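Protein sequence lines correspond, in order, to chains V and H. Note that the first sequence covers residues 1 to 849 in the UniProt record's numbering. Note that the second sequence covers residues 1 to 849 in the UniProt record's numbering. Ideal placement from N, C-alpha and C gives every residue a C-beta, glycine not left out. This structure is a prediction, so every number in the text was calculated from the model and none was measured.
2 protein chains.
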Amino acid sequence: MQKLVTFKEFTTITRSASIDTRQHGWRAGRLQTLIQLDLPVPRTVALSFETVHGIAAGRMPDVERILSAFGGAPLVSVRPSSQEARWGGPGAVLNIGMNDARYEDMVTTLGEAAASALYLRFIQTYAVQVSHLDDDLFDSPDTPSRTAVETALREYEIETEDYFPQNPAEQLVGVLRSMARAWESTSARLLRQARGAPAEAGLGLVVQEMALGVGADESGSGVMQFIDPVTGQSQITGRYLGQSQGRDALVDRERALYLTRDPRGPSLEELCPDIFDRLVQYGERCRTTLRDEAQVEFTIHEGDLAILDAIPVIRSAQAAVRVVVGLAEDNIISRHEALSRIPPRALNEVLHPRIDPETPRTRIVQGIAASPGAAAGKLVFSSTTAQAMAAQDEACILAKRETTPEDVRGMHAARGILTERGGTTSHAAVIARGLGVPCVVGASSVTIDRRSRTMTTADGTIYKEGEIVTLDGTAGEVLKGAVAMVAAGRDDAFESFLGWADEVRDIDVRVNADTPEDAALARRFGADGIGLCRTEHMFFAEDRLTAMREMIFADLPEDRADALAQLLPMQRADFTQIFRIMAGKPVCIRLFDPPLHEFLPHDRQGIIELAEALNRPVSDVQRRIDALTEFNPMLGLRGVRLGLTLPEIYDMQARAIFEAALDASEGGAPVVPEIMIPLVSACREVEIVKARVEAISAAVQTERRGKLTYRLGVMVETPRAALKAGEIAAHCEFLSFGTNDLTQMTYGLSRDDAGRFMGAYVRQGVFSEDPFLSLDTDGVGELLQIGAARGRAARPDLTLSICGEHGGNSESIAFCRGEGFDYVSCSPYRVPLARLAAAQSALKSAYGT
Amino acid sequence: MQKLVTFKEFTTITRSASIDTRQHGWRAGRLQTLIQLDLPVPRTVALSFETVHGIAAGRMPDVERILSAFGGAPLVSVRPSSQEARWGGPGAVLNIGMNDARYEDMVTTLGEAAASALYLRFIQTYAVQVSHLDDDLFDSPDTPSRTAVETALREYEIETEDYFPQNPAEQLVGVLRSMARAWESTSARLLRQARGAPAEAGLGLVVQEMALGVGADESGSGVMQFIDPVTGQSQITGRYLGQSQGRDALVDRERALYLTRDPRGPSLEELCPDIFDRLVQYGERCRTTLRDEAQVEFTIHEGDLAILDAIPVIRSAQAAVRVVVGLAEDNIISRHEALSRIPPRALNEVLHPRIDPETPRTRIVQGIAASPGAAAGKLVFSSTTAQAMAAQDEACILAKRETTPEDVRGMHAARGILTERGGTTSHAAVIARGLGVPCVVGASSVTIDRRSRTMTTADGTIYKEGEIVTLDGTAGEVLKGAVAMVAAGRDDAFESFLGWADEVRDIDVRVNADTPEDAALARRFGADGIGLCRTEHMFFAEDRLTAMREMIFADLPEDRADALAQLLPMQRADFTQIFRIMAGKPVCIRLFDPPLHEFLPHDRQGIIELAEALNRPVSDVQRRIDALTEFNPMLGLRGVRLGLTLPEIYDMQARAIFEAALDASEGGAPVVPEIMIPLVSACREVEIVKARVEAISAAVQTERRGKLTYRLGVMVETPRAALKAGEIAAHCEFLSFGTNDLTQMTYGLSRDDAGRFMGAYVRQGVFSEDPFLSLDTDGVGELLQIGAARGRAARPDLTLSICGEHGGNSESIAFCRGEGFDYVSCSPYRVPLARLAAAQSALKSAYGT
């Protein structure tokens, strides 16, 4: 017999009601569970996604029937219930049903202050959320009174040219419609997308009978949770406030009571020991049954305890990791589930460094701590600039009066965010926490001027775009200059967690590390080796730059060789150190890549100084700079092209690598360096470099009477190299896809120049995602597949990998795993993320979603 | 029984000797044919490629045996015999066997002058070609004498510290070795590669008994040919000089006789009517049998006629076409063979415009006319600059003191070549003729200074790099400024020839034409339509540039629309004219492509003027220019990205196209415009533009009450568009591969920046050819194949084509034909070449090579 699916506009939640989180949302499901756990939950009705979607489209359910589900004529609240708690939703509305008549009744039964508080709360919420009036119209009075109620009602009438609705059904219609529509707005859509929800995600709503929290006898409300939301350590935290509703206890902290006995003041434990004990019991029941740490929202109404909700504790990423580790250790969830529960990018937050507490701080701005962590960078005043700087790998702090959804991409690009306006729930704060970017909001003592690109602090000091500051999102401060930091958040739970990830994952995670410092960091982050060591960064240090420039200005190969000879010992020393730090783990060194003009000054002063240093006429220096200028440096004389044009450079580098390998092998296992050729587009390029490298290897072995083994590979960055991977693989041991450049060339799109339209492109769905953040599996990915297949066909033992930003992106990692790659390589701070993403991908393959 | 292949070091050429041009070269084969035709050819011995290759490697054949083949002790000559005549070879050496003893004998029998001439010629040739002495050491005396001989011998002894070899065998060894080695030299290798020979092509040599041409009775030498080598018209041309050898008659024109009766002086026809008649007879026999126009080299020795050789007439491309047309019309060869005989690139020469004879000329340089045709362009003084300018589509004239093989690529890039030194056989002259580039050499009155980048003319005027001049390679002059020209060389034979090509070919040839002028030219060149009409060039005209800049500076969409409204009538007028000129042939218009900053000034003065014109502060203009600057403009905000960012531009263009189509359709067949979207990388881009274009089409049809049909297509320029061709083709009617940009992106290589290393890359064989000249069928070609296959799978009636420089390259055309493309599109002057190349490709498919 076929099952009849009947459409229910609403469902009263009971132990056995048919509630499905995929239809009614997480909150409806959660409330049903609490009911099943015998918690004293007030009567609740759930509206499905379908119903709410219908409301937004103009199909209002029968609200009289909904209200009648509550019997009598109670006050009710409406709260959002999206499929996943983290996807958010519109704000709750309490005290629906309040009107003039009921107010008069309550003045009699509860007194003017309590009745006025209840009515005022409803009028204000309704005016702002339903009638879209300005928040400022309704200042909260210190003591709610009849006068305040009358003023609020008058304001409402003036602004709307209508009476405040008195009919509870009409009120509910307004609330449901505004919440349903708010969910469909563009900004809400963007916000939930930023949180990982699909744009078309549904919203459910729950209508719940109010437990008033105001009244005779002990009445009030509070929240209780069982961990420290920052560290995740076990600890009862929360507040209780007499004669209050909702989350008032968290707002009015001065008057609120502690929950456990506390030397700082009175506590609920002392005031109502029975109720306290019941709450603790309920908390334990929740943890075991809900398999998570919950924040319990409770109301005491005239001595009776009501549990309104138990929502997941809002927690830092560090705490999130500790919670799942604790749940797994208590056998409440499996390790695999623990791994699956943490979105990889959340780990970024744990890894953000903190300001070193030992360092002196020069505070220039004090604001509200809105998102933890600290970062230093150049001040910028627009999202576009932030994106442009990020594209050039420059750290920046984005300072804005306030942020809007248009800024989300800029905020993603910034290392830290500062706003003049707003509070902990402002757009900037919410988004920054979601992104794990340190953020300070409400820095009202400074003036941020986007036009003049300046920030003026309280004492009149002007900070211009480009000045370096440090933002401390944990303390809510901005400090002058770049302040010393310590790596942060990684505690024992974090290490256990990543250890579990390593047990599960089946693809290596290497790191992009250019210096011995990077290498040390990489080891701490548990990288399986170095996948990309960019040697050119080594040339930018002051003492090396001079030799580099002499090399560029050398007219004869001999002079060039002389200049390079100065660089050889420096490179060798760097490599030796890196090999030693990596202690036998593989190190893949990419030969010199950038165009030479990157090493030359571009301003007048720099050119004059260079002319002096080289003892050449300025005109000569200028001419050489002009000659090296390129129309499209990305597509110019760089990488292997430079290696073939000025072969002395690669010769020097190969020598430095081989000598360092021998030095680092002394007294230990032999180091087997990996040498990678950049920007290859033709097989012959590989053959030529290979022959020269081989010759250098032979020479070094003879000179040093040592035995060397090394592996040669190619960085596949041009579409042509991917197409010709079969031929190329015949001459090398590994292929590493440089997906940054490969994406640029496949799209014909420079990352540095895409900023001006990428935002609009992603918003309009022209590109489903920014291909520089998440690998374009469809287009660029096909080149990876072609390259991998042809490479492996030519050489079955070929090592395959990707390096570049995509190496730290979960979807991209899953793609590479699926294609049978041997490793991904990403920047040091992304290594933990990549380890987790790799583990989750493996779990997904083994057990499905 | 197995055939024994025996290696013959040399073969005496007889009617029945076993001579194979693939082993002995064209000249050996040709001489055998002449013997078979009963022409009086002196005894000749052929040395095979294998023998000559052996000589270069040190394995000298038995020269005594070679000499004995001639009986007695005659004088002999050695001449090169490569597989194809046009591949060249080292210069001939005459009079081998001359020595002191024989000289004394000849003084007695022939007189001092004749004997001295014979000996001096040999000493000089031997000294320069075999002993590599400086040419200048041996000035030719007006009357050869014993003193001159003695001086020459002494010079030889001083320079070589050795006696001049007296033994004929030793002399022959020296000659054979030097010729064999010269063929293997790098410069010879490059030269023959420029002429289409494989680098490892072999050289044969022929050793021939000398017919002396000096002696008692009528003696002398001459050459006779039966066409005008410039126009190809039938006409006996050539010269005869008494008491001379080799090609002396062509050098000493003042003393030489005409062949036919001529009012200007005495003729061979009058002097020796019998011999003249025999020569004409031989000439006719040669034409019919050799199936080509030959230049007959003859010697009269004491009244006896000897035919030394009959080589293909060196002819202009115009003549070459007329010759094959004549041969085909006389049924000596088939039309197909006629088509196959002309290398497509030779047609370039025919098409080069000539200076308009009606125009006044200001001559600034007089030199030697070395390669016909005329061209105007900017003066440049290095091959690198020439290549850089060509990459930017800028015409330039390359001026050098002299050219070397290193300059070949620069000469290819230049529109004309001027050298201070050298004669008609100098490197510059030979290469220029091969390339079909107009050339003037030996302009000894000017001083060309590469360092200061100036050319100083006889009257002391200094011309700097960048100044525009016109080079007339037909007259041997350089003129001031850009002089008016007329299209040239296309005569009735040329038109017949291309008509035959059209009958054979099975792929359309369209033209890249941006203006009504281009369109008119394209029709004259027989294009099947316009394959690429770049609309942005229309915006660079003075009056339009201002509106364009206003558009760029508009802050609001309305202001932008206003500025574009000014451009609309201009674009519409252009399109209307183009549609009318093309008279129903298809016209494919590409929507706006370049980045906006190309339209802004970049020098201080230009910025100030623009600020005045726009009535804005300079700082404002500067800021906008800075904001639009891109790191990699090739990969930036251009093409469809601009079309989506500022949709008003495409809207205006679509409107102009549709209105023009309706205007041009009036009173004739309806025009069906083709609209092409540039730089697509995602399918959604096409969908969005398509929707807007469709809306404009509907609006115009309503407003104008007309019916419009149009075709929408995509320019496939990014690797991603090629990969996604299946999805894209679902939304459009045609795909045109923009192989210029596609090559840049597939290689990750900017054409503008490749100049600095491309030469070295091709020379070293890193790239087998410059992929911007000849389509990289291997890499870029695979993307074309993928795109074509996926496109056709999605839409079987999809039109496929390429546009860009490769559309005019023979190999690239053959590739596109092979892949079933519908058309190629190339620049106007390449259309005839493309028509021929398409025909040759079709013939090759039908009949094999």
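Practice task
Could you say if the segment 178-198 of chain H and the segment 42-58 of chain H meet the contact criterion of at least three C-beta pairs nearer than 8 Å?
Solution key: Yes, the segment 178-198 of chain H is in contact with the segment 42-58 of chain H.
Problem - In chain order, each beta strand (DSSP E) run of at least 3 residues that lies wholly inside the segment 716-758 of chain H - result: Entirely contained in the segment 716-758 of chain H, the beta strand (DSSP E) runs reaching 3 residues are, in chain order, 734-738.
Practice task
Let me know the beta strand (DSSP E) ranges lying completely inside the segment 547-592 of chain H, each 3 residues or longer, listed in chain order.
Solution key: With a minimum length of 3 residues, the unbroken runs of beta strand (DSSP E) contained wholly in the segment 547-592 of chain H fall at 587-590.
Handout entry: Cβ-based neighbour list, V:Ala520, same chain, cut-off 7 Å, excluding 5 preceding and 5 following
Key = Against the first sequence, residue 520 of chain V aligns to sequence position 520. So the qualifying residues of the chain are Ile581.
Problem - Residue nearest to V:Arg544 in terms of C-alpha spacing, selected from V:Asp528, V:Ala563 and V:Gly759 - result: Within the first sequence, the letter at position 544 stands for residue 544 of chain V. With distances taken between Cα atoms, V:Arg544 lies closest to V:Ala563.
Problem - C-alpha gap between H:Val5 and H:Ala211, whole angstroms - result: Within the second sequence, the letter at position 5 stands for residue 5 of chain H. Within the second sequence, the letter at position 211 stands for residue 211 of chain H. With a pLDDT of 42 at H:Val5, under the threshold of 50, the modelled position of this residue cannot be trusted; read the value that follows with caution. Between H:Val5 and H:Ala211, the C-alpha separation is close to 34 Å.
Handout entry: Cβ pair H:Arg285, H:Glu293 closer than 8 Å
Key = Stepping through the second sequence from its first residue, residue 285 of chain H is reached at position 285. Stepping through the second sequence from its first residue, residue 293 of chain H is reached at position 293. Against a cut-off of 8 Å, the Cβ pair of H:Glu293 and H:Arg285 comes out as no contact.
Practice task
Helix, strand or coil for V:Ala399, going by three-state DSSP, please let me know.
Solution key: Taking the first residue of the first sequence as position 1, residue 399 of chain V is located at position 399. Strand.
Handout entry: Neighbour flag for H:Gln366 against chain V, beta carbons, 8 Å
Key = On the second sequence, residue 366 of chain H is found 366 positions in, with the first residue counted as 1. False, the Cβ-Cβ gap to chain V never drops below 8 Å.
Handout entry: Neighbourhood of H:Gln653 by C-beta, 7 Å cutoff - its chain only, sequence neighbours within 5 removed
Key = Taking the first residue of the second sequence as position 1, residue 653 of chain H is located at position 653. Close CB contacts of H:Gln653 within its chain, under the 7 Å cut and outside five residues either way in sequence, are with Thr535, Gln571, Leu591 and Phe592 (chain order).
Exercise for the section: Compute the Euclidean distance between the alpha carbons of H:Phe416 and H:Tyr829, then round it to the nearest angstrom. Expected result: Along the second sequence, read from residue 1 onward, the residue named residue 416 of chain H stands at position 416. Along the second sequence, read from residue 1 onward, the residue named residue 829 of chain H stands at position 829. According to the sequence displayed, residue 416 of chain H carries Gly and not Phe. Taking the straight line from one Cα to the other gives about 15 Å.
Practice task
Establish whether the CB of H:Ile307 and some CB of chain V are separated by less than 8 Å.
Solution key: Stepping through the second sequence from its first residue, residue 307 of chain H is reached at position 307. With 8 Å as the cut-off, H:Ile307 does not count as an interface residue toward chain V.
Handout entry: Any chain V beta carbon closer than 8 Å to H:Lys690
Key = Residue mapping note: residue 690 of chain H aligns to position 690 of the second sequence, counting from 1. H:Lys690 does not count as touching chain V.
Exercise for the section: Would you kindly work out how many angstroms separate the C-alpha atoms of H:Leu172 and H:Glu150, rounded to a whole number? Expected result: As a position in the second sequence, residue 172 of chain H is number 172, starting the count at 1. As a position in the second sequence, residue 150 of chain H is number 150, starting the count at 1. Straight-line Cα distance between these residues: approximately 22 Å.
Handout entry: Proximal chain V residues relative to H:Ser681, where beta-carbon distance stays under 7 Å
Key = Along the second sequence, read from residue 1 onward, the residue named residue 681 of chain H stands at position 681. What H:Ser681 touches in chain V: Tyr747, Gly748 and Leu749.
Exercise for the section: Let me know the secondary structure DSSP gives H:Tyr119 once reduced to three states. Expected result: Within the second sequence, numbered from 1, the residue matching residue 119 of chain H stands at position 119. Per DSSP, reduced to three states, the secondary structure at H:Tyr119 is helical.
Practice task
Under 7 Å between beta-carbons, which chain V residues line up against H:Asp356? List them in chain order, please.
Solution key: Stepping through the second sequence from its first residue, residue 356 of chain H is reached at position 356. Simply none; closest approach about 36 Å.
Practice task
Whole angstroms is fine: what's the gap from V:Gly643's alpha carbon to H:Ser845's?
Solution key: In the first sequence, counting from the first residue as 1, residue 643 of chain V sits at position 643. In the second sequence, counting from the first residue as 1, residue 845 of chain H sits at position 845. Distance between the alpha carbons of V:Gly643 and H:Ser845 is about 42 Å.
Practice task
Have a look at H:Leu94, H:His301 and H:Arg247 and flag the residue whose alpha-carbon is nearest the alpha-carbon of H:Gly215.
Solution key: To locate residue 215 of chain H, count along the second sequence from 1; it is residue 215. H:Gly215 has its Cα closest to that of H:His301, out of H:Leu94, H:His301 and H:Arg247.
Exercise for the section: Within its chain, find whatever has a CB closer than 7 Å to the CB of H:Asp651; leave out the 5 residues flanking it on each side and keep chain order. Expected result: Along the second sequence, read from residue 1 onward, the residue named residue 651 of chain H stands at position 651. Taking C-beta separations shorter than 7 Å and ignoring five residues to either side along the sequence, the partners of H:Asp651 in its chain run Arg692 and Ile696, following chain order.
Practice task
Could you spell out the range, first to last residue, of the alpha helix (DSSP H) harbouring V:Ser688?
Solution key: For the purposes of this step, residue 688 of chain V is identified with residue 688 of the first sequence, where counting begins at 1. In the sequence on display, residue 688 of chain V carries Ile and not Ser. Note, V:Ile688: alpha helix (DSSP H), Cys683 to Arg704.
Exercise for the section: Could you round the C-beta distance between H:Ser825 and H:Leu532 to whole angstroms and report it? I think they count as a contact, below 8 Å. Expected result: Locating residue 825 of chain H in the second sequence gives position 825, where the first residue counts as 1. Locating residue 532 of chain H in the second sequence gives position 532, where the first residue counts as 1. About 5 Å; that satisfies the 8 Å criterion.
Exercise for the section: In the DSSP assignment, find the unbroken alpha helix (DSSP H) run with H:Ala656 in it and report its ends. Expected result: As a first step, residue 656 of chain H must be located in the second sequence, where it is residue number 656. In this chain, the alpha helix (DSSP H) harbouring H:Ala656 covers Pro647 to Ser665.
Problem - Beta-bridge partners of H:Phe767, as assigned by DSSP - result: Walking along the second sequence from the start, residue 767 of chain H turns up at place 767. For H:Phe767, which the question treats as bridged, DSSP gives no partner whatsoever.
Problem - Boundaries (first-last residue) of the beta strand (DSSP E) holding H:Ser619 - result: Your numbering for residue 619 of chain H matches position 619 in the second sequence. Note, H:Ser619: premise wrong, no beta strand (DSSP E); alpha helix (DSSP H) at Val618 to Leu628.
Practice task
Would you identify the three-state DSSP class for H:Glu270, choosing helix, strand or coil?
Solution key: The residue given as residue 270 of chain H occupies position 270 in the second sequence. Helix.
Practice task
Would you please verify whether the beta carbon of H:Thr6 is less than 8 Å from any beta carbon of chain V?
Solution key: Along the second sequence, read from residue 1 onward, the residue named residue 6 of chain H stands at position 6. Any reading at H:Thr6 needs caution, since the residue's pLDDT is 48, under 50, leaving its predicted position unreliable; the model's value is listed next. The Cβ of H:Thr6 sits no closer than 8 Å to any Cβ of chain V.
Practice task
Note down, in chain order, all residues in the segment 625-639 of chain V with a beta-carbon under 7 Å from any beta-carbon belonging to chain H.
Solution key: Against chain H - using a Cβ distance shorter than 7 Å - the residues of the segment 625-639 of chain V are Glu630, Phe631, Asn632, Pro633, Met634, Leu635, Gly636 and Leu637.
Problem - Proximity winner among V:Met106, V:Pro90, V:Arg59 and V:Gly88, relative to V:Pro74 (alpha-carbon distances) - result: Within the first sequence, the letter at position 74 stands for residue 74 of chain V. For V:Pro74, the closest C-alpha among the options V:Met106, V:Pro90, V:Arg59 and V:Gly88 is that of V:Met106.
Exercise for the section: Using three-state DSSP, classify H:Ala793 as helix, strand or coil. Expected result: On the second sequence, residue 793 of chain H is found 793 positions in, with the first residue counted as 1. H:Ala793 falls in the helix class under three-state DSSP.
Practice task
Would you kindly work out how many angstroms separate the C-alpha atoms of V:Thr457 and V:His427, rounded to a whole number?
Solution key: Here residue 457 of chain V refers to the residue found at position 457 of the first sequence. Here residue 427 of chain V refers to the residue found at position 427 of the first sequence. Straight through space, the alpha carbons of V:His427 and V:Thr457 are spaced by roughly 23 Å.
Problem - Beta carbon proximity, H:Asp752 to chain V, threshold 8 Å - result: Here residue 752 of chain H corresponds to residue number 752 of the second sequence, with the count starting at 1. Cβ-Cβ to chain V under 8 Å: yes for H:Asp752.
Practice task
Mind listing the chain V neighbours of H:Phe767? Cutoff is C-beta to C-beta under 7 Å, in chain order.
Solution key: Translated into the one-based positions of the second sequence, residue 767 of chain H becomes position 767. Those within 7 Å of H:Phe767 in chain V are Ala682.
Exercise for the section: Given a cut-off of 8 Å, decide if V:Leu418 and V:Ala399 are closer than it, judged by their beta-carbon atoms. Expected result: Counting from 1 along the first sequence, the entry for residue 399 of chain V is found at position 399. Counting from 1 along the first sequence, the entry for residue 418 of chain V is found at position 418. Yes, Cβ-Cβ distance for V:Ala399 and V:Leu418 is below 8 Å.
Problem - Supposed contact pair V:Ala249 and V:Pro222 - C-beta distance, whole angstroms, cut 8 Å - result: The residue you call residue 222 of chain V lines up with position 222 of the first sequence. The residue you call residue 249 of chain V lines up with position 249 of the first sequence. It is Gly, not Pro, that sits at residue 222 of chain V in the sequence shown. About 5 Å; that satisfies the 8 Å criterion.
Practice task
Compare the C-beta of H:Gln744 with all C-beta atoms of chain V and state if any pair is closer than 8 Å.
Solution key: Residue mapping note: residue 744 of chain H aligns to position 744 of the second sequence, counting from 1. Yes - at least one Cβ of chain V is within 8 Å of the one on H:Gln744.
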